[in-house]
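Presented below is the structure to which this report refers.
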DNA sequence: CGGTAGCACTCGAGTGTACCGACTGCTAAC
DNA sequence: GTTAGCAGTCGGTACACTCGAGTGCTACCG
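Chains as they are written, first to last, in the working numbering: chain A, 1 to 336; chain B, 1 to 336.
Listed below in structure tokens is the structure:
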């Protein structure tokens with residue numbers, strides 16, 4: 001093992017130890033926890049160099065080292081090669097997806113909780129962007145006199161519905177329904193084809209109303225964020241500077257839209273792990289995000305992710321999001 | 001003003017001051033903030049008596065007094081007579097309900113956030129119990145070959161839907177739909193009338209499937225809890241002993257079911273305000289809950305509530321839940 | 001007898017000091 | 001390049017001390 005290689009091992013050890021104990025790691029701790037065949041003095045020399053290079057930092061002169069964000073980055077890039085989940089957790093995931101047959105919203109919500117439990121961090125599940133999901137079928141149904149329900153089934157298995165008011169009779173609603181389907185089918189929710197007309201003023205009015213409702217709803221729904229395990233954030237308090245930081249984090253998660261666009265943005269750039277200061281958002285300076293997209297029928301359907309302190313078990317988090325996203329995608333395959 | 005009356009005023013002042021400043025209230029502070037016409041020495045005597053009677057407590061010998069849970073209880077029972085909301089907030093509530101035309105779930109969720117913003121505490125909105133809501137209309141719709149959608153419109157305006165698998169053709173689905181409606185209409189979701197049969201084995205199978213799905217869904221939906229402003233809990237940290245307490249609170253809110261049954265339980269006993277140790281649930285020992293039911297068409301449709309530290313502005317919280325519940329009930333009136 | 005003035009007392013919070021121990025950085029030797 | 005040893009640094013803890021807020025009590029007054 002040459003010197004550079006050993007330094008990498010030292011860095012790896014520091015990250016692992018720090019994640020485990022939350023305390024600055026001393027040179028001696030490194031030599032004890034891993035047999036490098038060198039003394040603590042040598043490790044100290046390596047550490048000073050790692051510090052010069054920006055991978056480690058010292059909280060104060062007479063303390064051990066802690067990883068910098070750059071240090072975590074190196075760790076993630078070099079030492080987290082596709083590890084599997086421990087069998088216990090693997091089973092938990094399998095069981096969850098085997099026994100569940102809820103409505104999609106509930107499923108996604110519970111999935112976020114599953115992921116939170118697996119990782120002991122907060123977890124998020126993001127639906128697909130509105131301009132990606134295609135409409136499988138669209139329909140208008142006369143629910144009771146005066147009330148029409150617009151139902152849209154999406155490619156990812158979601159069923160969206162919207163209540164409309166209309167005094168048309170059954171036949172007219174049926175005609176509107178056909179036009180509604182024609183206008184939406186195979187389109188994305190973002191770009192509905194509004195050009196369809198039936199010629200009948202009243203029917204067209206209902207049609208326009210329905211398409212408008214679906215369009216506005218599409219935004220709301222696609223930007224929906226399922227958050228699980230927020231309580232973990234409070235438990236991780238100590239990792240964050242102040243309690244105000246936690247409050248702002250929770251606030252951001254409530255806002256949803258910031259997080260959703262952030263997640264999409266990261267994934268668009270092919271980023272799976274975003275560490276501390278790599279995040280542009282201020283609230284996330286002390287946080288890391290670990291993401292994995294899930295696919296339904298080969299197309300991107302959404303993203304699952306973990307949100308925790310930078311001091312996080314990245315290997316485990318990566319394994320967890322990978323396992324969950326894969327299973328989720330499989331479950332969402334439309335029954336055939 | 002006789003002595004007993006003055007003591008009540010002292011108690012009132014202590015509660016108000018403590019809520020405002022979060023610091024133990026000294027006898028002198030009382031005389032300064034309210035013109036009682038007596039000296040601080042007299043107030044001190046009153047305070048010792050109030051302490052003997054269990055309304056006040058001293059954190060330590062040389063400190064001012066803080067209210068006990070019993071003290072808050074007296075305050076709530078005697079000094080919070082139906083105050084209105086300040087005009088600014090009143091407007092905010094009116095605006096919110098005037099401009100909103102979302103789907104019910106979103107509305108309830110946003111209502112909880114409104115309430116959280118009004119009170120600066122966490123807020124919850126609980127839907128009605130499944131054995132209270134009646135079905136207005138029920139229908140089965142053939143969405144695409146092989147897929148049937150069960151749609152149920154409820155008395156509170158909610159539309160529930162459930163995706164079913166079935167290979168029946170349009171006519172058979174229509175027959176099943178009629179039977180479905182007959183079985184559910186005007187029933188509560190908890191006690192659906194499963195006795196309806198059409199005679200056709202396949203149709204009855206679909207029917208049974210639909211009714212089953214609705215029944216199981218009913219439980220999930222009715223127990224749903226909308227939580228807003230959880231970030232406030234983190235901000236209120238200091239009011240709670242440890243950060244672990246906050247974590248457990250958040251956990252409980254995620255569990256939902258505990259909170260829902262708790263809220264229902266309180267309201268069943270006609271309790272609108274539950275203070276600190278009055279709560280049986282351990283996590284809520286340092287919290288108070290302020291509730292108001294909302295009604296749709298004269299029948300109980302759900303509950304809105306505020307969850308904050310015992311050190312809470314009860315008058316304001318009561319006014320806020322009252323205003324919100326009233327407006328919410330009005331908005332949910334089925335359009336006619 | 002209720003109310004008041006005055007005073008001694010208590011106790012938490014803040015401050016200065018000393019000490020301990022955990023680690024490092026450096027130097028000289030291997 | 002590695003190591004042993006040692007001086008130096010700095011945070012954390014313990015302790016003593018002071019300050020001041022606020023009380024409880026007692027003696028006194030109307």
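Cβ coordinates follow ideal geometry from the N, Cα and C atoms, glycine included.
Let me check understanding here. Comparing Cα to Cα, which of the options lies closest to residue i?
i	options	result
residue 2 (chain B)	B:298, B:86, B:281 and B:46	B:46
residue 178 (chain B)	B:160, B:155, B:137 and B:165	B:137
residue 21 (chain B)	B:313, B:285 and B:173	B:313
residue 324 (chain A)	A:219, A:269 and A:306	A:306
residue 161 (chain B)	B:218, B:269 and B:242	B:218
residue 321 (chain B)	B:128, B:115, B:300 and B:332	B:115
residue 317 (chain B)	B:258, B:225 and B:291	B:291
residue 311 (chain A)	A:97, A:28 and A:15	A:15
residue 42 (chain B)	B:28, B:55, B:52 and B:53	B:28
residue 63 (chain A)	A:31, A:23 and A:54	A:23
residue 227 (chain B)	A:250, A:234, A:232 and A:212	A:250
residue 319 (chain B)	B:119, B:285, B:61 and B:309	B:119
residue 5 (chain A)	A:79, A:19 and A:32	A:79
residue 155 (chain A)	A:127, A:173 and A:143	A:127
residue 262 (chain B)	B:242, B:68, B:207 and B:288	B:288
residue 60 (chain B)	B:205, B:243 and B:26	B:26
residue 315 (chain B)	B:9, B:201, B:55 and B:84	B:84
Strictly by DSSP, which residues pair up with residue i?
i	result
residue 291 (chain B)	B:305
residue 226 (chain A)	A:125
residue 151 (chain B)	B:139 and B:161
residue 347 (chain A)	Residue numbering for chain A in the displayed model covers 1 to 336; residue 347 (chain A) lies beyond these limits and cannot be assessed.
residue 25 (chain B)	B:65
residue 211 (chain B)	Its beta-bridge partners do not exist; DSSP assigns none.
residue 246 (chain B)	Paired residues: none, contrary to the question.
residue 188 (chain B)	B:134
residue 300 (chain B)	B:295
residue 56 (chain A)	A:67
residue 144 (chain B)	B:147
residue 273 (chain B)	B:290
Look at residue i and residue j and say whether their C-beta atoms are less than 8 angstroms apart.
i	j	result
residue 214 (chain A)	residue 192 (chain A)	yes
residue 149 (chain B)	residue 203 (chain B)	no
residue 48 (chain A)	residue 34 (chain A)	no
residue 141 (chain A)	residue 139 (chain B)	yes
residue 275 (chain B)	residue 72 (chain B)	yes
residue 93 (chain A)	residue 256 (chain A)	no
residue 146 (chain B)	residue 175 (chain B)	no
residue 65 (chain A)	residue 58 (chain A)	yes
residue 50 (chain A)	residue 11 (chain A)	yes
residue 293 (chain A)	residue 267 (chain A)	yes
residue 86 (chain A)	residue 18 (chain A)	no
residue 280 (chain B)	residue 309 (chain B)	no
residue 106 (chain B)	residue 187 (chain A)	no
Using a Cβ cut-off of 7 angstroms, pull out every chain A residue sitting near residue i, in sequence order please.
i	result
residue 106 (chain B)	220
residue 250 (chain B)	230, 231 and 234
In chain B, what lies closer than 7 angstroms to residue i by C-beta?
i	result
residue 139 (chain A)	141 and 143
residue 163 (chain A)	159
residue 246 (chain A)	234
List, in order along the chain, the chain A residues whose C-beta lies closer than 9 angstroms to that of residue i?
i	result
residue 153 (chain B)	143, 144, 147, 149 and 163
residue 166 (chain B)	Per Cβ cutoff of 9 angstroms: no residues; residue 166 (chain B) is ~12 angstroms from chain A at best.
So residue i packs on residue j, CB below 8 angstroms; how close in whole Å?
i	j	result
residue 229 (chain B)	residue 113 (chain B)	6 angstroms
residue 260 (chain B)	residue 223 (chain B)	5 angstroms
residue 152 (chain B)	residue 104 (chain B)	Wrong, their Cβ atoms sit about 13 angstroms apart, outside the cutoff.
residue 210 (chain A)	residue 130 (chain A)	At roughly 17 angstroms, the Cβ-Cβ gap does not stay under 8 angstroms, so residue 210 (chain A) and residue 130 (chain A) are not in contact.
residue 248 (chain B)	residue 297 (chain B)	With 8 angstroms as the limit, residue 248 (chain B) and residue 297 (chain B) do not qualify as a contact, their Cβ atoms being about 38 angstroms apart.
residue 135 (chain A)	residue 108 (chain A)	Contact doesn't hold; Cβ gap of about 19 angstroms is too wide.
residue 300 (chain A)	residue 97 (chain A)	Contact doesn't hold; Cβ gap of about 19 angstroms is too wide.
residue 76 (chain B)	residue 273 (chain B)	5 angstroms
List the residues of chain A whose Cβ lies closer than 8 angstroms to the Cβ of residue i, in chain order.
i	result
residue 110 (chain B)	Going along chain A, no residue has its Cβ under 8 angstroms from residue 110 (chain B), so there is no contact; the nearest lies around 11 angstroms.
residue 136 (chain B)	144
residue 254 (chain B)	113, 228, 229, 230 and 231
residue 176 (chain B)	The premise fails here: residue 176 (chain B) is roughly 14 angstroms from chain A at the closest Cβ pair, so nothing lies under 8 angstroms.
For a contact meaning CB atoms closer than 9 angstroms, what does residue i contact in chain B?
i	result
residue 262 (chain A)	Within 9 angstroms Cβ-Cβ: nothing; residue 262 (chain A) doesn't reach chain B, min ~17 angstroms.
residue 183 (chain A)	Near residue 183 (chain A) there are no residues of chain B at all, since even the closest Cβ is about 16 angstroms away, more than 9 angstroms.
Would you say the beta carbon of residue i comes nearer than 7 angstroms to a heavy atom of the ligand SAM?
i	result
residue 5 (chain A)	In the structure shown, the ligand SAM is absent, as is every other ligand, since no ligand is present at all.
Could you tell me which chain B residues have their CB closer than 8 angstroms to the CB of residue i, listed as they occur along the chain?
i	result
residue 292 (chain A)	Within chain B, no residue comes near residue 292 (chain A); the closest Cβ sits about 22 angstroms away, beyond 8 angstroms.
residue 130 (chain A)	Those within 8 angstroms of residue 130 (chain A) in chain B number zero; the least Cβ separation is about 16 angstroms.
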